[in-house]
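Novice:
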Amino acid sequence: MNARKWALAVSALTAAVAVGIPPAIAQAAATRHVGDRCTSDNYTTCAGSASFIKEGDHMLIWDNKADGHSVVVTGDRSDGLPLKLWNHSGSDGDGKVDHNLNLPENGWIRYKVCLGEYSSKKVIESTCSASKTENAS
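The following block contains the structure:
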């Protein structure tokens, strides 16, 4: 965490404690989610991120920036079903959408996180992260 972000996080925590907001909630509000994959390798500009949760086979997708773009997770599944999951709800609130993948017990996914245009279902390839492979079990 760079010095500026650290100072902002400490400021937010100090102010939150002074008015009675629990520190964990204040810290979450002061930082953006970077997930297991981010739309940029530069985590200071992570417009969208995603994390795969093995328990229950969930893909959590965050929209971290009010930039007019949706966040999309694309890739491959071991069972051959298409993998194109969208978060088009915007960055309001926590900006998170939960997709239940229902993968086979010994299944896997290979995914990347990108920005896109939900209305046309167009993925902006230049914004995509590197791919990551996760096993379901």
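Quick note: the sequence shown, position 75, residue 74 per numbering that gives the first Met the number 0, numbers continuous.
Every residue gets a Cβ at the ideal spot worked out from N, C-alpha and C, and that includes glycine.
These numbers come from a predicted model, not from an experiment.
1. In chain order, what residues of the same chain lie with their CB nearer than 8 Å to the CB of Gly74, ignoring the 5 residues before and after it?
2. Kindly list the residues whose CB is nearer than 8 Å to the CB of Ser128, restricted to its own chain and excluding five residues on each side of it in sequence; keep chain order.
3. Based on Cα-Cα distance, which residue from Leu80, Thr126 and Gly89 lies nearest to Ala65?
4. Should Gly106 be flagged as near chain B, meaning a C-beta pair shorter than 8 Å?
5. So for Glu133, helix, strand or coil by DSSP?
6. According to the Cβ coordinates, are Ser135 and Leu102 closer than 8 Å?
Specialist: Quick look at the numbers:
1. Residue mapping note: residue 74 aligns to position 75 of the sequence shown, counting from 1. Cβ neighbours of Gly74 beyond the five flanking positions: Leu82, Ile108, Arg109, Tyr110, Lys111 and Ser130.
2. For this step, residue 128 is matched to residue 129 along the sequence shown. Here the set comprises Arg36, Cys37, Thr38, Ser39, Asp40, Lys111, Val112 and Cys113.
3. Along the sequence shown, read from residue 1 onward, the residue named residue 65 stands at position 66. Of Leu80, Thr126 and Gly89, the residue nearest in Cα terms is Gly89.
4. Of the protein chains in this structure there is only one, and it is not chain B.
5. Taking the sequence shown and counting its residues from 1, one reaches residue 133 at position 134. It is a strand residue.
6. Residue 135 sits at position 136 when you count from the first residue of the sequence shown. Residue 102 sits at position 103 when you count from the first residue of the sequence shown. Residue identity differs from the one stated: residue 135 is Ala in this sequence, not Ser. For Ala135 and Leu102, yes; Cβs fall inside 8 Å.
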